[in-house]
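Participant: The structure's right below; bear with me while I get my questions together.
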Amino acid sequence: MSYDFVIVGSGHNGLACAAYLAKAGASVLVLERRQEVGGSCSTSEATLPGFRHNICSVVHTHIPTSPVYRDLELERHGVRYVYPEHLRGTLFRGDESIVMYRDTARMAAELARFSASDACTFRQLVEDYGEFIESAYLPLMYSPPLPPSVQSAQLEKSAEGRALLQWQASTPVQLLDELFESEEVKVHFLARMTVLGFAPDQFGQGWVCLFRILRAEAPICVGGSGKLALGLRRAVEAHGGVVKADAAVRRILVHGNRAGGVELDDGTLIEATKAVVTNVEPKKSFLDMVGEEHLPAAFATRVRNYHSNGRSLFLLHLALAEPPDYRAAARNPAVNSAFSQEMFGASMQDQVRAYQEIAMGRPPRKEMLQVTVPTLFDPSQAPAGKHTAVVWQYAPYRVEPDGPRGWGAARTEYAEHLLDLWQSYAPNMTRDKILAMTIQDPTDTERHNDNLVNGVDVVGDMTPDQMGYFRPFAGWSGYRTPIEGLYMCGGYCHPGGGVHAGAGHNAAGVIAQDFHLNRWWD
């Protein structure tokens with residue numbers, strides 16, 4: 021059995037890479053160890069029949085406007101998105117709230133309820149940086165990362181870029197303290213970072229915070245996130261590619277210093293005449309499948325040091341008799357119809373302390389809670405008149421003093437604690453309105469998709485040493501590896517975790533260049 025390219029792992033990046041290569045005329049095989057393709061783009065009836073829950077990814081911020089959606093004709097393959105009018109609601113004790121809007125004037129008016137000065141600052145940021153962010157930052161996601169010196173040289177050419185260089189060295193907390201005066205406004209914008217797993221007091225993240233302030237969107241995949249995986253699979257198969265599930269790869273075969281194929285768990289050998297492309301996280305790809313004996317010592321050290329030790333996901337998947345009705349909606353009705361409601365405390369320091377608790381192995385007792393009800397925007401995900409919800413709380417993978425096993429004793433009590441916190445903001449969410457609940461602690465997340473090591477949903481910590489030119493490793497951020505004919509395309513590559521298919525798109529471009537394929541998408 022022989023193909024030009026063998027893709028190991030059918031996460032959305034692997035499928036996207038395969039679809040680009042197949043449409044370029046190559047023969048492509050995608051191998052998936054599970055029975056379901058799509059990785060974290062997974063939807064299942066996790067609670068009751070007819071209630072469809074998104075097991076990891078709920079919102080696909082960049083997909084609908086990405087080159088991937090256009091190039092692979094995903095709409096033709098059944099992938100459609102709906103856009104909530106009200107994006108995110110930040111809730112505070114005392115029934116105050118801030119709703120995020122994509123419209124600048126509406127967003128400024130919302131902020132003006134807390135600070136006229138902050139509303140003016142927001143308008144000025146949009147005027148000064150909005151177009152710059154769209155034209156400079158977003159294209160970087162869909163191209164290989166630039167070396168820091170090159171990126172800095174480009175930024176130095178404009179006043180906006182020079183300001184970004186200064187903010188790049190800041191923490192999100194420092195940036196928000198510099199820009200805004202209202203603590204509520206600061207909490208609202210800081211939540212844009214912490215919901216993605218960026219630590220609020222992490223140096224080198226200030227510029228990402230600015231992007232999150234200015235770029236607001238929350239597209240929901242109709243039918244659930246699994247529909248994106250299905251559409252990508254159809255895109256592969258439409259051009260002659262093959263996707264094979266229940267086919268676990270045991271080894272990536274290396275002869276000399278060249279990858280020549282793979283061996284499956286059942287002993288089947290599959291030749292890759294051009295290259296193997298791995299979508300599997302680094303340690304499994306290189307230490308387990310390739311074998312350290314085939315790796316340069318320095319590269320093997322970098323693989324071992326790749327870290328996924330930040331916050332993990334603790335989720336509650338709920339089947340609801342009715343949607344939540346928040347106290348804050350009495351004063352700000354848009355809260356109830358926002359894509360998500362975020363309860364992140366009264367000050368930025370509450371978020372800082374929550375991350376500190378996580379680092380110490382303690383599930384935060386104060387809220388750092390995000391709730392999304394997808395069925396408000398896509399009723400197809402639940403029976404008529406009913407709803408699904410997902411309650412997100414960031415938590416440690418290891419619960420001290422027992423480590424990951426500590427979740428066995430802690431999970432039920434912690435779930436009830438989070439429901440109590442939620443009900444204090446949404447009084448109608450009494451237990452009788454919750455028809456069924458499935459708990460997903462960080463160890464469950466890892467079991468569902470073992471690419472999400474330690475339950476970290478972005479496939480490795482998004483810290484400055486593992487972002488951009490340094491993701492996954494310094495010197496190897498361009499999707500190539502030290503082994504000829506072996507490439508990387510997973511979320512551990514630039515532009516990082518999340519559902520955007522940037523790594524799959526970029527890896528396909530590099531591979532097409534190396535093998536002189538038709539880069540039909542240029």
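Counting from 21, one number per residue, gives the positions in the sequence shown under the numbering used here.
No residue lacks a Cβ here, since even glycine has one placed at the ideal position from N, Cα and C.
1) Just the Cα atoms here: how many angstroms apart are Y434 and V391?
2) How big is the Cα-Cα spacing for M508 and P424?
3) If you compare alpha carbons, which of Q486, L506, G511 and T458 is closest to N469?
4) How close, in whole Å, do the beta carbons of A2 and F490 come, if the pair is a contact with beta carbons under 8 Å?
5) Can you give me the start and stop residues for the alpha helix (DSSP H) that L230 sits inside?
6) Check whether the Cβ atoms of L49 and V263 sit closer than 9 Å, and answer yes or no.
7) Between A238 and V79, what straight-line distance do the alpha-carbon atoms span, to the nearest angstrom?
8) Is the stretch 471–484 in contact with the stretch 323–331, if contact means three or more CB pairs nearer than 8 Å?
9) What whole-angstrom Cβ distance do L51 and V26 have, given they're in contact under 8 Å?
10) Thinking C-beta only, is V300 closer than 9 Å to G29?
11) With C-beta atoms as the reference, is P192 less than 9 Å away from C241?
12) Pull up the distance between the alpha-carbon of R53 and that of V269, whole angstroms please.
13) Can you tell me the Cβ-Cβ gap for A358 and V119, rounded? I've got them flagged as a contact below 8 Å.
14) Could you please give the first and the last residue of the uninterrupted beta strand (DSSP E) stretch that includes L336?
15) Return yes when the Cβ of D461 is within less than 9 Å of the Cβ of A430, no when it is not.
16) What does a CB cutoff of less than 7 Å around G516 pick up in its chain, not counting 5 residues either side in sequence?
17) Name the DSSP bridge partner or partners of Y23?
18) Residues in the same chain with beta-carbon distance under 6 Å from S60, minus the five sequence neighbours each way, listed in chain order, please.
19) Can you tell which of S47, L336, N74 and E130 has its C-alpha closest to the C-alpha of M457?
20) Evaluate Y103 with the Cβ neighbour count: other Cβ atoms within 10 Å of its Cβ, from every protein chain shown; 16 or more gives buried, anything less gives exposed.
21) By the 10 Å Cβ neighbour count, where 16 or more other Cβ atoms means buried, how is S163 classified, buried or exposed?
22) Entirely within the stretch 412–476 and at least 3 residues each: give me those beta strand (DSSP E) ranges in chain order.
23) What is the rounded straight-line gap between the Cα of K386 and the Cα of A404?
24) Count the other C-beta atoms from every protein chain shown that fall within 10 angstroms of the C-beta of V207, then say buried if there are 16 or more, exposed otherwise.
25) Tell me whether the beta-carbon of H82 lies closer than 9 Å to the beta-carbon of G495.
26) Can you tell which of S305, H514, D422 and L472 has its C-alpha closest to the C-alpha of M380?
27) Let me check understanding here. Comparing Cα to Cα, which of E377, N448, K406 and L389 lies closest to V419?
28) In three-state terms, what does DSSP make of A202?
29) Kindly list the residues whose CB is nearer than 8 Å to the CB of A129, restricted to its own chain and excluding five residues on each side of it in sequence; keep chain order.
Facilitator: A quick look at the data gives this:
1) Here the question's residue 434 lines up with position 414 in the sequence shown. Here the question's residue 391 lines up with position 371 in the sequence shown. When rounded, the distance between both Cα atoms is 16 Å.
2) Numbered from 1 along the sequence shown, position 488 holds the residue referred to as residue 508. Numbered from 1 along the sequence shown, position 404 holds the residue referred to as residue 424. Answer to the nearest angstrom: the Cα atoms are 29 Å apart.
3) By one-based count along the sequence shown, residue 469 stands at place 449. Measuring from the Cα of N469, the nearest candidate turns out to be G511.
4) Residue 2 cannot be examined here, being either before or after the span of the chain that is shown, 21 to 542.
5) The residue labelled residue 230 in the question sits at position 210 within the sequence shown. Its alpha helix (DSSP H) spans residues G226 to L234.
6) Against the sequence shown, residue 49 aligns to sequence position 29. Against the sequence shown, residue 263 aligns to sequence position 243. Contact: yes.
7) By 1-based counting over the sequence shown, the position of residue 238 is 218. By 1-based counting over the sequence shown, the position of residue 79 is 59. Using only the alpha carbons, I get a separation of about 6 Å.
8) The stretch 471–484 vs the stretch 323–331: in contact.
9) Your numbering for residue 51 matches position 31 in the sequence shown. Your numbering for residue 26 matches position 6 in the sequence shown. Taking a contact as a CB-CB distance under 8 Å, the pair L51 and V26 counts as one, their CB atoms being some 7 Å apart.
10) In the sequence shown, residue 29 corresponds to position 9, counting from 1. In the sequence shown, residue 300 corresponds to position 280, counting from 1. Yes. Within cutoff.
11) Taking the sequence shown and counting its residues from 1, one reaches residue 192 at position 172. Taking the sequence shown and counting its residues from 1, one reaches residue 241 at position 221. In this structure, C241 does not lie closer than 9 Å to P192 by Cβ.
12) Residue 53 sits at position 33 when you count from the first residue of the sequence shown. Residue 269 sits at position 249 when you count from the first residue of the sequence shown. Distance between the alpha carbons of R53 and V269 is about 7 Å.
13) Position 338 of the sequence shown, counting from 1, holds the residue named residue 358. Position 99 of the sequence shown, counting from 1, holds the residue named residue 119. Rounded to the nearest angstrom, the Cβ distance from A358 to V119 is 6 Å, consistent with a contact under 8 Å.
14) Residue mapping note: residue 336 aligns to position 316 of the sequence shown, counting from 1. Looking at the DSSP string, the run of the beta strand (DSSP E) that includes L336 is S332 to L340.
15) Residue numbering aside, residue 430 sits at position 410 when the sequence shown is read from its first letter. Residue numbering aside, residue 461 sits at position 441 when the sequence shown is read from its first letter. Contact flag set, yes.
16) Residue 516 sits at position 496 when you count from the first residue of the sequence shown. The residues are V478, M482, M487 and R491.
17) By 1-based counting over the sequence shown, the position of residue 23 is 3. BP columns for Y23 point to A292.
18) For the purposes of this step, residue 60 is taken as the residue at position 40 of the sequence shown. Closer than 6 Å at Cβ, skipping near neighbours: C76, S77 and N469.
19) Looking up residue 457 in the sequence shown gives position 437. Ranking the options by Cα distance to M457, first place goes to L336.
20) Position 83 of the sequence shown, counted from the first residue, corresponds to residue 103. Exposed.
21) One-based indexing of the sequence shown puts residue 163 at position 143. S163 is exposed by the Cβ-count criterion.
22) Runs found: 454–460.
23) Your numbering for residue 386 matches position 366 in the sequence shown. Your numbering for residue 404 matches position 384 in the sequence shown. Between the C-alpha atoms of K386 and A404 there is a straight-line separation of about 34 Å.
24) Against the sequence shown, residue 207 aligns to sequence position 187. It is buried - the Cβ of V207 has at least 16 other Cβ atoms within 10 Å.
25) As a working mapping, residue 82 is identified with position 62 in the sequence shown. As a working mapping, residue 495 is identified with position 475 in the sequence shown. No, Cβ-Cβ distance for H82 and G495 is not below 9 Å.
26) Taking the first residue of the sequence shown as 1, we reach residue 380 at position 360. Closest option to M380, Cα to Cα, is D422.
27) Sequence index remark: in the sequence shown, residue 419 carries index 399 (1-based). For the residues E377, N448, K406 and L389, the minimum Cα distance to V419 belongs to E377.
28) Within the sequence shown, numbered from 1, the residue matching residue 202 stands at position 182. According to the sequence shown, residue 202 is Ser rather than Ala. Correct three-state label for S202: coil.
29) On the sequence shown, position 109 is the one that residue 129 refers to. The beta carbon of A129 lies closer than 8 Å to those of A139 in the same chain, with the five residues before and after it left out.
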